[in-house]
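First comes the structure, then the notes that go with it.
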Amino acid sequence: MSFIEISNVDLVYGKPGEKSTVNDTLAVSDTSITIEDGEFLALVGPSGCGKSTLLKLIAGLIRPSRGSVKVSGQEVTCPLKIVGMAFQNATLLPWRNIRDNVMLPLEIVEPYRGRHRQDRAKNRERADILLEKVGLAGFAEKMPWQLSGGMQQRAQLCRALIHEPSILLLDEPFAALDTFTREDLWGVLQELWEFRKCTIIIVTHELREAAFLAGKVSVMSSRPGRIIKTSSVDIPRPRTLETTFEPQFVELVQDLRHHISLGKTS
Amino acid sequence: MIGHLCERFAPWLTAMAAVLLWWAMVLVFDVPNYVLPSPWEAIAALYEYRFALSVHGLSTLWTTFMGFAVAVVVGMILGILVGSSRLAYRALYPLLIAFNSVPKAALVPIFVIWFGVGKVPGVLTAFMLSFFPVVANVATAFATIEPELLEVMRSLGATKRDITLKVGIPRSLPYFFASLKIAITLAFVGTVIAEIVAGNSGIGNVMLVASSNFNVPLVFAALIVVSIMGVGMYSVSDFIERRLTSWSVRPQGAAVADRGQLASAGA
Ligand SMILES: Nc1ncnc2c1ncn2[C@@H]1O[C@H](COP(=O)(O)OP(=O)(O)OP(=O)(O)O)[C@@H](O)[C@H]1O
Ligand SMILES: [Mg+2]
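For the record, the sequence lines run as chains H and U.
Take my numbering: the last position of the first sequence gets the number 654, and nothing is skipped along the way.
Take my numbering: the last position of the second sequence gets the number 281, and nothing is skipped along the way.
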């Protein structure tokens, strides 16, 4: 049994509570994928193919129209609470400083929630450790608008990890950043994963990013999305920027690109 | 430095310019004082009737404040409801719009029939006139929470209450205060209308009595009192806003959130 099992899932977006009509969008169709505990999976595919939808299905934010989504053998029926999420825009709360932003999940998720007041000092320390890991030591007291886009993304990663989730879902987290910042953050994310060893699923448009970070890359076809190919990345870790120039890496990226264009035409 | 000084005194300068223009018009067109008194006559009336004006002014202020307070509480609650629940939006919003389109002056006689002459019609009219901007702005703040942020919250198992308390309400504060500044001025309008139509006290009543005696300078003195109270309450809201929502204003002075300017829908 795998940690996350998605079998034959369809997802139709329509008006809630109404019978399906021809106007409804079939976003994901007959998709199956399994993800092992502690795996780092990248999801790539053409725009609008249902990648974000797949993440929401795993998080339990939406229910499949058909098929099943299971996490640790349990059917997912409501938001999981063991996931952390991060998105392309950092969505930090502008009225809280960075540390308080990072600590937000601890005010919501059990068992931290009940003890939040007593454990405040301990929680601050946890937040500061994470902030230091992503290179934001000394920025804990700053307000979000005092940070650059890349720094806000780092803070967002900390917020997604503070409650020690077993699944981290990242939806194009670095898409809005410039190349240098993005490549920096690949390194940061790789380190965080080594540090926490949670299961990470990252959606990205950037094939080099997928190949650099992931242990397994799944390619989706255009809408309605299906997984058309999953390849494992057998490049030893820790990977560095030099890795991205090695023939093995370049070949992998070419191969992914080839499959995406196949998925578009089919 | 000069620019800074200019900015500081600009409101006083424009106020003075307006008074001068008023004076000039009275002089140039030789308007009789029972049509338009000169500023000095109005100020003289202000001094002459200072006792009556301050008693009635305080009465108006109190009525306005009651109506405004009810409007703030009701507006905030309705705004949260309408902004965070689709069902509440569908069910309530058309009714609220309909309510807001009713000419409030027409309601005053009805209030008088129900509650008699006195403060209650004034409080109700002030409330009716001023609650809608609060509802509209708070609802906008709630309805425009970033969907990603909602997903982050929901994936953590946050309840509707968590989302309201931790995201919705703090996020709505700048919108809320923007609407308060509009609501407080509208509340004054409501009170004065009610006092003119059916009051036995208050500035509106003073104006009614003064105009029936052709004491036009006193009417203008009363108007000045209302405007000063309006500006005063506006400044208080502005001060509180600056204190509580400093996060939404960057040091350069540019607002982060598009501070809900929707609220201009009024009287
Ligand atoms: N809430 C929604 N209601 C209706 N249709 C939706 C909704 N969200 C997504 N869709 C539709 O479902 C399809 C898949 O959307 P999704 O956001 O999962 O794509 P994506 O692969 O993440 O795209 P991108 O790479 O551009 O982010 C799209 O065609 C979109 O129009
Ligand atoms: Mg997407």
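C-beta atoms are modelled at their ideal positions from N, C-alpha and C, and glycine is treated no differently.
Problem set entry | Proximity test, Cβ basis, 7 Å: H/Ala447 and chain U | With a threshold of 7 Å between beta carbons, H/Ala447 makes contact with chain U.
Exercise. How about H/Ser609: is its Cβ closer than 6 Å to a heavy atom in ligand 2?
Worked result: Every heavy atom of ligand 2 is 6 Å or more from the Cβ of H/Ser609, so no.
Problem set entry | Minimum C-alpha distance to H/Cys546 - residue among H/Thr569, H/Ser609, H/Glu579 | Minimum Cα-Cα distance from H/Cys546 among the listed residues H/Thr569, H/Ser609, H/Glu579 corresponds to H/Glu579.
For this session: Answer with buried or exposed for U/Val116, where buried requires no fewer than 16 other C-beta atoms within 10 angstroms of its C-beta.
Result: So U/Val116 ends up on the exposed side.
For this session: Let me know if H/Asp559 comes out buried or exposed under the rule of 16 or more other beta-carbons within 10 Å of its beta-carbon.
Result: Classified as buried, H/Asp559 has 16 or more neighbouring CB atoms from the shown chains inside 10 Å of its CB.
Exercise. Counting along the chain, where does the beta strand (DSSP E) carrying H/Asn396 start and finish?
Worked result: If you look at H/Asn396, you'll find it in the beta strand (DSSP E) that goes 392 to 401.
For this session: State the start and end residues of the unbroken beta strand (DSSP E) segment that holds H/Phe633.
Result: Looking at the DSSP string, H/Phe633 is not in any beta strand (DSSP E), and its letter there is neither H nor E.
For this session: Using 6 Å as the cut-off, classify the Cβ of U/Ser169 as near or not near the heavy atoms of ligand 2, replying yes or no.
Result: Not under cutoff, so the answer is no.
For this session: Please go through the same chain and pick out, in chain order, the residues whose beta-carbon is closer than 6 Å to the beta-carbon of U/Val233, but skip the five residues on each side of it.
Result: Excluding sequence neighbours, U/Val233 sits near Met221, Ala224, Ser225.
Exercise. How would you call H/Ile517, buried or exposed, if buried means at least 16 neighbouring beta carbons within 10 angstroms?
Worked result: Counting Cβ neighbours within 10 Å, H/Ile517 comes out exposed, since fewer than 16 surround it.
Exercise. Is H/Glu463 helix, strand or coil by DSSP?
Worked result: Looking at H/Glu463 - three-state DSSP - the assignment turns out to be strand.
Problem set entry | Same chain, Cβ closer than 6 Å to H/Val459, neighbours up to 5 away in sequence not counted | Excluding sequence positions up to five before and after H/Val459, its CB lies within less than 6 Å of the CB of Ile392, all in the same chain and listed in chain order.
Exercise. Would DSSP call H/Val522 helix, strand or coil?
Worked result: In the structure shown, H/Val522 sits in coil (DSSP, three-state: anything other than H, G, I, E or B).
Exercise. So which residues on chain U does H/Lys469 lean against when the C-beta distance must stay under 9 Å?
Worked result: Neighbours of H/Lys469 on chain U, chain order: Ser169, Leu170, Gly171.
For this session: Can you grab the Cα-Cα spacing for the pair U/Gly246 / U/Phe82, in whole Å?
Result: Separation of U/Gly246 and U/Phe82 (C-alpha to C-alpha, rounded to the nearest whole angstrom) is 14 Å.
Exercise. By the criterion of Cβ-Cβ separation under 8 Å, what are the contact partners of U/Ser262 in chain H?
Worked result: Counting only Cβ-Cβ distances below 8 Å, U/Ser262 has contacts in chain H at Pro482, Trp483, in chain order.
Exercise. What first and last residue would you give for the alpha helix (DSSP H) that runs through U/Gly171?
Worked result: Counting along the chain, no alpha helix (DSSP H) covers U/Gly171, and no H or E run does either.
Exercise. If you follow the beta strand (DSSP E) that H/Phe428 is part of, which residue opens it and which one closes it?
Worked result: Taken as a continuous stretch (DSSP letters only), the beta strand (DSSP E) holding H/Phe428 covers 428 to 432.
For this session: Run the CB neighbour count on U/Ser249, radius 10 Å, all protein chains shown included, and call it buried at 16 or more, exposed below.
Result: Exposed is the label assigned to U/Ser249, since fewer than 16 other Cβ atoms lie within 10 Å of its Cβ.
Problem set entry | C-beta atoms of H/Gly651 and H/Ile616 nearer than 7 Å | Against a cut-off of 7 Å, the Cβ pair of H/Ile616 and H/Gly651 comes out as a contact.
For this session: Look up U/Gly81 in the DSSP assignment and say whether it is helix, strand or coil.
Result: In this structure, U/Gly81 counts as helix in the three-state DSSP scheme.
Exercise. Would DSSP call H/Leu414 helix, strand or coil?
Worked result: Strand at H/Leu414.
For this session: State yes or no: is the beta carbon of U/Leu163 nearer than 7 Å to at least one beta carbon in chain H?
Result: So, interface residue.
Exercise. What residue range is occupied by the uninterrupted beta strand (DSSP E) comprising H/Gly472?
Worked result: Run containing H/Gly472: 471 to 474, per the beta strand (DSSP E) assignment.
Exercise. Do you know offhand how far H/Thr628's Cα is from H/Ser456's?
Worked result: Cα-Cα distance, rounded: 38 Å.
Problem set entry | Within 9 Å of chain H by C-beta, residues of the segment 179 to 193 of chain U in sequence order | The segment 179 to 193 of chain U vs chain H, Cβ under 9 Å: Lys180, Val181, Pro184, Arg185, Leu187.
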